[in-house]
Amino acid sequence: MHFYEVWLPGVRGIFSWHSSEKVPAGARVKVPFRSQKRTGIVVGISDQKPNFATRAILEVWDDHFISSKYIDIAREIAHENFCSLEKVLSLMIPGKFLFQKNPEKREVFYELQNPGSSEPGFGVRGEKQKRVIELLLQKNRISEIELRKAVSLTTIKSLEVKKIIQRQTGKIIPAKIPGKAVEKGHKLTSEQQRALDEISKDEKPVLLFGVTGSGKTEIYKKLAVLESGLKNSQSPDSKQAGQVLFLLPEISLTPQLIAEFREIFGDEIAVWHSKLSEGEKIQEWARVMSGDAKILIGARSAALVPMKNPKLIILDEEHEWTFKNEFSPRIWT
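According to my numbering, the sequence shown is numbered sequentially starting from 18.
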């Protein structure tokens with residue numbers, strides 16, 4: 018028998034449950050709590066029975082919802098800043114993920130369930146249903162958005178019920194974050210290239226000093242390309258693929274930088290700051306966790322977003338006081 022400490026959102030304190038199965042730290046589990054069923058995160062594991070009765074974990078939603086490393090980071094932040102572990106975890110994970118299994122919205126596609134069928138028109142008689150068959154025979158796979166321009170959702174669902182077409186989900190849809198179009202990146206000067214080379218071969222933290230307008234952002238972009246494994250916008254290097262966290266002192270600086278990075282990475286960038294809506298945060302958080310987003314750009318709160326494979330952290334204008342959190346936990350990013 019194994020015993021697990023589980024954090025539940027909105028509940029003060031960490032409580033224990035047991036399971037005959039091994040459950041790793043960072044797993045998302047459903048447990049009985051008082052007269053309810055609640056979802057939480059495993060934050061501690063023990064083989065020693067506590068001196069009180071425990072109830073069994075009901076279900077494991079995800080074995081590795083977040084990395085156990087982030088549980089350790091949350092503990093360290095809580096200890097150093099004299100606040101509860103629950104408080105730090107609530108800043109790391111959007112609450113909706115602990116009330117709904119898959120709250121994020123994904124791309125939806127439709128395709129023929131049996132494309133090799135010899136029956137003309139797949140046995141459908143209505144003109145609208147025939148139209149759907151014709152479109153899928155032409156393109157094999159069509160997004161729900163495109164298909165709904167031709168026919169109603171009722172027609173699509175009817176074909177799905179008849180098992181003539183099938184629904185497939187794709188990537189998580191990026192939040193619609195504004196960013197104006199910008200010119201493509203410039204070729205590095207000799208000084209910028211020298212700075213890039215020095216930073217690239219040094220595994221320790223590096224301070225890049227330069228006055229405003231000296232071209233530091235161009236170096237950041239090149240570093241992001243290298244560390245994300247994207248040698249150019251068409252040929253990602255999967256062996257070196259990682260994620261980059263780019264922290265800014267102010268939200269107002271974000272749109273320009275988003276535009277510059279979007280020119281290189283397209284929809285592989287995610288954004289995080291306090292002005293995002295709950296729905297936008299869910300989409301961006303899920304994209305970072307899944308690895309769909311290679312670059313996370315944001316204010317200081319972005320430092321608490323768990324990343325699947327972090328490789329590089331860029332702290333722009335690190336001397337700014339806005340990197341210090343005024344409320345608990347009083348983190349100095």
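Glycine residues also receive a C-beta, built at the ideal position from the N, C-alpha and C atoms. All values reported here derive from a predicted model rather than from experimental measurement.
inquiry  = I want to know whether the region 170-187 touches the region 211-228 - three or more CB-CB distances under 8 Å.
reply    = Cβ pair count under 8 Å is below three, so no.
request  = Could you tell me the distance, in whole angstroms, from the CA atom of L321 to the CA atom of L153?
outcome  = Numbered from its first residue, the sequence shown carries residue 321 at position 304. Numbered from its first residue, the sequence shown carries residue 153 at position 136. The alpha-carbon of L321 is positioned some 43 Å away from that of L153.
query = Using the C-alpha atoms, what's the distance from T206 back to G232?
reply = The residue given as residue 232 occupies position 215 in the sequence shown. The residue given as residue 206 occupies position 189 in the sequence shown. Rounded to the nearest angstrom, the two C-alpha atoms are 9 Å apart.
message = According to DSSP, is A44 part of a helix, a strand, or is it coil?
response = Counting from one through the sequence shown, the residue named residue 44 turns up at place 27. In this structure, A44 counts as coil in the three-state DSSP scheme.
inquiry  = Can you tell me where the alpha helix (DSSP H) holding W302 begins and where it ends?
reply    = Walking along the sequence shown from the start, residue 302 turns up at place 285. The continuous alpha helix (DSSP H) containing W302 extends over residues E295 to S307.
inquiry  = Just verifying my parser: in three-state terms, what is the DSSP assignment at T56?
reply    = For the purposes of this step, residue 56 is taken as the residue at position 39 of the sequence shown. Of the three classes helix, strand and coil, the one that applies to T56 here is strand, per DSSP.
Alpha-carbon to alpha-carbon, E301 and S291 = Against the sequence shown, residue 291 aligns to sequence position 274. Against the sequence shown, residue 301 aligns to sequence position 284. Answer to the nearest angstrom: the Cα atoms are 13 Å apart.
request  = In angstroms with no decimal places, state the Cα-to-Cα distance between L313 and R142.
outcome  = In the sequence shown, residue 313 corresponds to position 296, counting from 1. In the sequence shown, residue 142 corresponds to position 125, counting from 1. Across the structure, L313 and R142 are spaced so that their CA atoms are roughly 49 Å apart.
query = Can you name, in chain order, every residue of its own chain whose Cβ lies under 8 Å from the Cβ of L108, other than the five neighbours on each side?
reply = In the sequence shown, counting from the first residue as 1, residue 108 sits at position 91. Excluding sequence neighbours, L108 sits near S318, L321 and P346.
key: Inter-residue spacing [alpha-carbon to alpha-carbon] between E208 and V28   = The residue given as residue 208 occupies position 191 in the sequence shown. The residue given as residue 28 occupies position 11 in the sequence shown. Taking the straight line joining both Cα atoms gives about 54 Å.
key: Limits of the unbroken beta strand (DSSP E) element including H35   = Within the sequence shown, residue 35 is the residue found at index 18, counting from 1. Residues F32 to S36.
query = From K145 to K166, what does the alpha carbon distance come to, in whole angstroms?
reply = Here residue 145 is taken as the residue at index 128 of the sequence shown, counted from 1. Here residue 166 is taken as the residue at index 149 of the sequence shown, counted from 1. Distance between the alpha carbons of K145 and K166 is about 12 Å.
ask   = Per DSSP, S63 is paired with what?
value = Translated into positions along the sequence shown, residue 63 becomes position 46. DSSP output for S63 lists F20 as bridge partner(s).
ask   = Can at least three beta-carbon pairs, one atom from the region 80-96 and one from the region 272-281, be found at a separation below 8 Å?
value = No contact exists between the region 80-96 and the region 272-281.
message = Report the start-end ranges of each alpha helix (DSSP H) in the region 116-186 that is 4 residues or longer and not cut off at the edges.
response = Correct list: 144-156, 161-165 and 170-178.
message = Rounding to the nearest angstrom, what Cα-Cα distance links H203 and K218 in this structure?
response = Position 186 of the sequence shown, counted from the first residue, corresponds to residue 203. Position 201 of the sequence shown, counted from the first residue, corresponds to residue 218. Going by C-alpha positions, H203 is about 22 Å away from K218.
ask   = For V105, which of helix, strand or coil comes out of DSSP?
value = Against the sequence shown, residue 105 aligns to sequence position 88. Reduced to three states, the DSSP call for V105 is helix.
Under 8 Å between C-beta atoms of G259 and P327 = As a first step, residue 259 is located in the sequence shown; it is residue number 242 there, counting from the start. As a first step, residue 327 is located in the sequence shown; it is residue number 310 there, counting from the start. Yes. Within cutoff.
key: I162, buried or exposed, once every other Cβ within 10 Å from all chains shown has been counted against 16   = Taking the first residue of the sequence shown as 1, we reach residue 162 at position 145. By the C-beta density criterion, I162 is exposed, having fewer than 16 other C-beta atoms within 10 angstroms.
key: Cβ distance (whole Å) where G43 is taken to contact I74 below 8 Å   = As a position in the sequence shown, residue 43 is number 26, starting the count at 1. As a position in the sequence shown, residue 74 is number 57, starting the count at 1. Wrong, their Cβ atoms sit about 14 Å apart, outside the cutoff.
ask   = For A287, which three-state DSSP category applies?
value = As a working mapping, residue 287 is identified with position 270 in the sequence shown. DSSP places A287 in strand when its eight states are reduced to three.
message = Taking 8 Å as the threshold (beta carbon to beta carbon), is A167 in contact with chain C?
response = Absent here is chain C; the protein component of the structure consists of one chain.
query = In chain order, what residues of the same chain have a beta carbon less than 7 Å from the beta carbon of V77, not counting five sequence neighbours either side?
reply = Here residue 77 corresponds to residue number 60 of the sequence shown, with the count starting at 1. Contacts found: V40, A44 and V46.
Three-state secondary structure (DSSP) of L329 = In the sequence shown, residue 329 corresponds to position 312, counting from 1. In the structure shown, L329 sits in a strand (DSSP, three-state: E or B).
ask   = Taking all protein chains shown into account, do 16 or more other C-beta atoms lie within 10 angstroms of the C-beta of F99, making it buried, or fewer, making it exposed?
value = Your numbering for residue 99 matches position 82 in the sequence shown. Exposed, because fewer than 16 other Cβ atoms sit within 10 Å of the Cβ of F99.
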